[in-house]
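In what follows, a structure is listed as structure tokens, so that the remarks can point back to it.
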Amino acid sequence: MSQIRQLTQRFEGISKEIGPLNIVDSTEIRLPENLCDWAFISKGHNAVKMHTRLVVVSKDVAFPDKIVPSTGTVSDFESSDFLIQEDDATYVMDRGYPSRKNLMAWQEKNISFVVRITKNLVLYSQEEYEPLLPSIKRDAKVLYGISKVPVRYIEFMDEKDRIYRILTTRFDLTDQQILEIYKNRWLIELFFKWIKGHLKFTKIWSTKPQGIWNQMFLALIAFGVSLIVKLQTKSRKTPWVFFRILRTYLFLPGKKMLNELNRKMKKSKGRQKVPIPLEKEKPSFGNIALVKEIVKKQRRKNERKLGNY
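Using the working numbering, you'd call the opening residue of the sequence shown number 33 and step up by one each time.
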């Protein structure tokens, strides 16, 4: 992934004030119950997980930096030590990762984070700030549990009147920028949808644990190679269109692929010709069958009108 980092240095990123972002989340892959009893979670539910750290370079470019395969019984909380490490990036996470222990450990390591918390975490207000947006209901400096280092708490409501409770160490940003950071968490959901749909990730090649772990890494290698070539060629095509072209021209000379990437698509002028209706020939029924003519509704109406006159 170091090559991808070098190729993405020309991108400005989400914002210079916000800085780099690392989004952490996991996705579940369902497995057949009768063939993968080693992945048992509950009756009728066998699955594995892929815990992922996604590096957000810009609004259009994001790539997986690290993954941790696991059985479906491993929670997001248990995988956090392997994915959340000391870095200059801000970590963006959902409710499965923060706890009193995790939050204090991240603060001790000076790890910046923007995380959504549950109602179970008790907060103690120290100072209140004036919100800049109508959707933000509260902006405050708080303490949680037995912590001694304050964090920032932002509570906002979305367009469907759902309440979100956010904790962050970023006191240097406005409340609007904090919301912008958290909204970028959706990029990892789009990434999971992309690899499951376009890389056939939901169709397993093996029922053995190592075979499924290999399939995860091979899928990410395919994604990484496609992204590297896309960045090198500076193509403006969508990731799926580019991946489809790369797959088609994989074993052909590179010049042919470049010609296809640079080929200008013709703009459609719409439908130009009006189709001429063909006259229907009446079938020959012969003289050995009973035939009753079909009377259409419009013809019936005309006959009734003539009858009234």
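Every residue gets a Cβ at the ideal spot worked out from N, C-alpha and C, and that includes glycine. Here the structure is a predicted model, which means the values were calculated and not measured.
Residue(s) in a DSSP beta bridge with residue i
i     : result
Leu63 : Asn78
His83 : Ser58 and Val100
Ile73 : Per DSSP, none; premise fails for Ile73.
Ala94 : Val88
Leu53 : Val88 and Thr122
Length of the line joining the Cα atoms of residue i and residue j
i      : j      : result
Ser144 : Gln208 : 17 Å
Ile210 : Leu231 : 33 Å
Lys288 : Arg279 : 13 Å
Glu191 : Leu222 : 20 Å
Arg217 : Asp57  : 9 Å
Asn54  : Ala251 : 20 Å
Leu322 : Lys312 : 21 Å
Val154 : Ala121 : 27 Å
Lys141 : Tyr176 : 17 Å
Gln242 : Leu199 : 37 Å
Ile149 : Lys225 : 24 Å
Leu164 : Ala254 : 43 Å
Ile116 : Asp204 : 21 Å
Phe274 : Glu292 : 10 Å
Lys215 : Ile168 : 14 Å
Val100 : Val146 : 21 Å
Thr105 : Lys296 : 50 Å
Asp97  : Val306 : 54 Å
Glu60  : Ser157 : 37 Å
Ile244 : Val88  : 26 Å
Ile195 : Pro166 : 13 Å
Val181 : Glu159 : 13 Å
Phe283 : Glu65  : 38 Å
Phe95  : Leu259 : 8 Å
Residue i: CB within 7 Å of a non-hydrogen atom of the ligand HEM
i      : result
Tyr281 : Here there are no bound small molecules, and the ligand HEM is not part of this structure.
Cut-off 6 Å between Cβ atoms - residues of its own chain near residue i, not counting five sequence neighbours on either side
i      : result
Met136 : Ser179
Phe233 : Ile227 and Ala251
Trp272 : His230
Ser102 : Lys81
Boundaries of the beta strand (DSSP E) in which residue i is found, first to last residue
i      : result
Leu293 : Element bounds for Leu293: not the beta strand (DSSP E) but the alpha helix (DSSP H), Gly286 to Asn294.
Ser353 : With the chain covering only 33 through 341, there is no way to say anything about residue 353.
Leu175 : Ile168 to Tyr176
Phe233 : Neither: Phe233 is in no beta strand (DSSP E) and is coded neither H nor E.
Val183 : Val183 to Met189
Ile198 : Ile195 to Thr200
Val124 : Thr122 to Met125
First through last residue of the alpha helix (DSSP H) which encompasses residue i
i      : result
Ser111 : Asp108 to Leu115
Val261 : Pro241 to Thr265
Arg148 : Here Arg148 belongs to no alpha helix (DSSP H); instead the beta strand (DSSP E) covers Ser144 to Arg148.
Ile277 : Pro271 to Thr280
Leu135 : Arg132 to Glu140
Glu311 : No alpha helix (DSSP H) contains Glu311, which DSSP labels as neither H nor E.
Ile213 : Asp207 to Lys215
Contact set for residue i: own chain, Cβ-Cβ below 7 Å, skip 5 residues either direction
i      : result
Val261 : Leu278
Leu63  : Ala71, Asn78, Ala79, Val80 and Ile236
Ile220 : Ile55, Asp57, Thr84 and Leu86
Asp126 : Asp57, Arg148 and Arg217
Ser107 : Gly128
Met248 : Met82, Ile99 and Pro101
Within-8 Å CB hit, residue i to chain D
i      : result
Val181 : Among the chains in the structure shown there is no chain D, since it carries only a single protein chain.
Beta-carbon proximity list for residue i, same chain, < 8 Å, skipping 5 on both sides
i      : result
Tyr281 : Lys288, Met289 and Glu292
* Taking 8 Å as the threshold, find out whether the region 187–200 comes into contact with the region 157–173 through three or more Cβ pairs. => yes
* Asked: Below 8 Å, can you find three or more Cβ-Cβ pairs linking the region 67–81 to the region 116–132?
  -> no
* **Touch test, the region 107–124 against the region 77–84, Cβ-Cβ under 8 Å, three pairs minimum** => Yes, they touch.
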